[in-house]
Amino acid sequence: MTTQKPAREPGTGTRAQNTIAVQLLRKHRNDVPVSGWRLLSRRLGPVGVGSLVVIALVVLMAILAPVIAPYDPYAGGVTARHEAWSLAHLMGTDQSGRDILSRIIWGARTSLIGPAIVAVVTAVLATLLALTAVWFGGRVDALISRVLDILFAFPNMLLAILAVAIFGPSMLTASLALAIGFVPYSARVIRSVALRERNLPYVASARLQGISGFLITVRHILPNVRTQILTGMTINFGYAMIELAALSFLGLGVQPPTPDWGLMVSNGQASLQQGYWEQSIFAGLAIVITVAAFGYVGEQLGGRRAAGRIR
Amino acid sequence: MLNVESLVLTVTDPDTGQSTEILHGNSFALGAGESLGLVGESGSGKSMTLKCILGIEPSGARVAGSITLDGTDLLSAGGEELRRIRANDLALIAQNPHGSLNPVLPVGRFLVEGMSDARSLPAAEARTRAADLLRQVGITDTERVLRSYPHQLSGGMLQRVVIAGAMSGEPKLLLADEPTTALDVTTQAEVVAILDEKRRQHGLSMIYVTHDLDLAAAICDRLAVMKDGEILEIGTPEEIRDRPKTDYTRALMSARPQLYPEGRSAPALDDEAHASTEDRA
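Chains as they are written, first to last, in the numbering used here: chain U, 1 to 311; chain D, 312 to 592.
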């Protein structure tokens, strides 16, 4: 215990040592977190890592939009309307003669910021409510849980449309309203995990050490629910992107001429009937690919953990 | 120092509304530096007595009687006062050390937060003291242990960490709830020895809950035999062993597993019992 044992890889010892015990050790070693990245890639699997790369590319695209977009997303002209895809315009032009590729690249910005707001606001509110409910328990828990149940009754879209009707159409209004609609789903998951954690003996032992409820919640329970919070954020991001795109499609979210994927699907609708498919299809593809990537990463993070394979 | 008087614990079943009395008016007192062993079979109310002292009786339970620690009424204490008493005067060593520690945090955090969060010692000072405490319970590579997660340490090691944590606040009263039941036999002996030594060094009072009559006799000044929520008799280990007052105690004595038959108890017990008698003399 005191002397430093020479580090030896399992399996390099004598044959007698290379027994079941060594194999158990090897198995055990795999369970010890090695590095964040290796653990993450093990959790995600190959498709998950691919999804993560897609997400990174989309984010990079949003950040580098001014550098990589071949044209000004707002500049067009009636003479250049509905051009088919060519080397000059890789995805063609839209009904106003604007380069679709450039609008998709710029659109990544608005299309990502909205869901990001929803994911973050939802996570913060849901965590606050869930941990408050779990720590105080009893009536506080009952009150918070019932309020969440009531919130469940409202379809998210309806809440968002209501908010937009009151505060006027904008991406921020729509995102915040959607976030409130998402809270009960996340809060319920976090509450159930935190509740299980709260009833474990180590929480009682911390209480008996005289540690205050607030510190126990922040230092002990919160770290134990962070996987659920992260998973929820990833999955919510995908859902939020679809719902925000739908709101933009209905004209209640992002307002033209700002480039936004949902809005582009909507704008392309009229052209679609005239045989110009590029705008709607490419914008739709952008949404589908991004949402699928977020969804897969979220599922892997949450599903694997739920299966108990990795703690 | 600790005074428990006619302690009655009643538990009400939330579904049926039926009340059951679990402890039937027990009284005992504990002087400073004294150790009391609570022995009895499972379900006799040993752990429940500890829970009443700590104020963690199950929900729906009603406690009557009085429990005072140096004149402070523990039953009426609540909120901040109770938190302070727990932080400064009481320490619990629970049965399963794996349960006592948060699985996702290094064990160093457990020791440090006991001192810095509960008793507002500066964090840096708490860390130095944590290493110090670990050395005191016989852990030499303190840095590695402080950085380890609970699943990387053995049960015996973890229980030492828990004992170190219990000692960190220099409590008045140590409550040990079968602290060695979850450990293997050789580790048990080590952990008990460390616990006993530390307790004597710091002059702490202790209530030691166990099934093991021999073990309790070895490390406790007095024993209280419990059955069905009642304390049948309290006396020194010698009194209990040589002149049991009740049939139950006699039955309990004869129910001990005997390694050496013919009425002799194991030599190890005799030695230890002897040593503890000498300590008192």
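No residue lacks a Cβ here, since even glycine has one placed at the ideal position from N, Cα and C.
Secondary structure at Tyr519(D), three-state DSSP: helix, strand or coil?
Translated into positions along the second sequence, residue 519(D) becomes position 208. Strand at Tyr519(D).
For Gly77(U), which of Trp277(U), Leu200(U), Pro66(U) and Gly97(U) has the nearest alpha-carbon?
Within the first sequence, the letter at position 77 stands for residue 77(U). It is Gly97(U).
Of all the CB atoms in chain U, is at least one closer than 7 Å to the CB of Gly344(D)?
One-based indexing of the second sequence puts residue 344(D) at position 33. By this cut-off, Gly344(D) is not an interface position.
On a CA-only basis, which of Leu485(D), Glu550(D), Pro555(D) and Ala429(D) is nearest Arg219(U)? Give me that one, please.
Here residue 219(U) is taken as the residue at index 219 of the first sequence, counted from 1. Ranking Leu485(D), Glu550(D), Pro555(D) and Ala429(D) by Cα distance to Arg219(U) puts Ala429(D) first.
Which same chain residues, not among the five before or five after Ser317(D), have their C-beta less than 8 Å away from its C-beta?
Here residue 317(D) is taken as the residue at index 6 of the second sequence, counted from 1. Taken in chain order, the residues that qualify are Gly336, Asn337, Ser338, Ala375, Gly376 and Ser377.
Tell me the residue span of the alpha helix (DSSP H) that contains Asp553(D).
Within the second sequence, numbered from 1, the residue matching residue 553(D) stands at position 242. Segment Pro548 to Asp553, the alpha helix (DSSP H) holding Asp553(D).
Using a C-beta cutoff of 7 Å, does Gly210(U) count as contacting chain D?
Taking the first residue of the first sequence as position 1, residue 210(U) is located at position 210. With 7 Å as the cut-off, Gly210(U) counts as an interface residue toward chain D.
In this structure, how does DSSP classify Ala372(D) when only helix, strand and coil are distinguished?
Indexing the second sequence from 1 puts residue 372(D) at position 61. Ala372(D): strand per DSSP, three-state reduction.
Going by DSSP, what residue range makes up the beta strand (DSSP E) through Arg139(U)?
Taking the first residue of the first sequence as position 1, residue 139(U) is located at position 139. Note, Arg139(U): premise wrong, no beta strand (DSSP E); alpha helix (DSSP H) at Gly138 to Phe152.
Tell me whether Thr217(U) sits in a helix, a strand or coil according to DSSP, three-state version.
Counting from 1 along the first sequence, the entry for residue 217(U) is found at position 217. Reduced to three states, the DSSP call for Thr217(U) is helix.
Could you compute how far the alpha carbon of Arg43(U) sits from the alpha carbon of Thr231(U)?
The residue you call residue 43(U) lines up with position 43 of the first sequence. The residue you call residue 231(U) lines up with position 231 of the first sequence. Each residue's alpha carbon lies about 12 Å from the other.
Would you be able to state if there are at least three C-beta pairs under 8 Å between the segment 254 to 269 of chain U and the segment 102 to 111 of chain U?
Result yes; three or more Cβ-Cβ pairs closer than 8 Å.
Using alpha carbons as the reference points, say which of Pro184(U), Ala286(U), Gly268(U) and Phe182(U) lies closest to Arg81(U).
Residue mapping note: residue 81(U) aligns to position 81 of the first sequence, counting from 1. It is Gly268(U).
Check each residue of the segment 405 to 416 of chain D: if its Cβ is closer than 8 Å to any Cβ of chain U, include it; give the result in chain order.
Correct list: Ala405, Asn407, Gly410, Ser411, Leu412, Asn413, Pro414, Val415 and Leu416.
If you draw a straight line from the alpha carbon of Gly476(D) to that of Gly366(D), how long is it in whole angstroms?
Taking the second sequence and counting its residues from 1, one reaches residue 476(D) at position 165. Taking the second sequence and counting its residues from 1, one reaches residue 366(D) at position 55. Cα to Cα, Gly476(D) sits roughly 20 Å from Gly366(D).
Between Gly390(D) and chain U, is any beta-carbon pair separated by less than 7 Å?
Looking up residue 390(D) in the second sequence gives position 79. Taking Cβ atoms only, chain U never reaches closer than 7 Å to Gly390(D), which makes this a no.
Using beta carbons (cut-off 7 Å, strictly below), is Asp428(D) in contact with chain U?
Here the question's residue 428(D) lines up with position 117 in the second sequence. Yes, Asp428(D) counts as interfacial toward chain U.
Establish whether the CB of Ala398(D) and some CB of chain U are separated by less than 7 Å.
The residue labelled residue 398(D) in the question sits at position 87 within the second sequence. True, the Cβ-Cβ gap to chain U drops below 7 Å.
If you run the structure through DSSP and keep just helix, strand and coil, what is Gln300(U)?
Taking the first sequence and counting its residues from 1, one reaches residue 300(U) at position 300. Note: Gln300(U) maps to helix in three-state DSSP.
Indicate the three-state DSSP secondary structure (helix, strand or coil) for Thr595(D) in the structure shown.
Here chain D has residues from 312 to 592 only, and residue 595(D) is not among them.
Short of 6 Å in beta carbon distance, which residues of its chain neighbour Leu101(U), apart from the five on each side in sequence? Order them along the chain.
Within the first sequence, the letter at position 101 stands for residue 101(U). Closer than 6 Å at Cβ, skipping near neighbours: Leu90 and Met91.
Do the CB positions of Leu534(D) and Gly348(D) come within less than 7 Å of each other?
Counted from its first residue, the second sequence places residue 534(D) at position 223. Counted from its first residue, the second sequence places residue 348(D) at position 37. Yes. Within cutoff.
Hey, quick one: how far does the alpha helix (DSSP H) through Leu457(D) stretch, first residue to last?
Sequence index remark: in the second sequence, residue 457(D) carries index 146 (1-based). Thr453 to Arg458 is the extent of the alpha helix (DSSP H) around Leu457(D).
So what does Asn314(D) bridge to, in DSSP terms?
Sequence index remark: in the second sequence, residue 314(D) carries index 3 (1-based). Answer by DSSP bridge pairing, in chain order: Ala340(D) and Thr379(D).
Counting pairs of Cβ atoms below 8 Å between the segment 450 to 464 of chain D and the segment 483 to 498 of chain D, do you hit three or more?
Output reads no: the segment 483 to 498 of chain D does not touch the segment 450 to 464 of chain D.
Could you tell me whether the Cβ atoms of Leu244(U) and Gly253(U) are closer together than 7 Å?
Within the first sequence, residue 244(U) is the residue found at index 244, counting from 1. Within the first sequence, residue 253(U) is the residue found at index 253, counting from 1. Yes, they are a contact pair.
Considering only the beta carbon of each residue, do Thr217(U) and Trp135(U) sit closer than 7 Å?
Locating residue 217(U) in the first sequence gives position 217, counting from the first residue. Locating residue 135(U) in the first sequence gives position 135, counting from the first residue. Yes, the Cβ-Cβ distance between Thr217(U) and Trp135(U) is below 7 Å.
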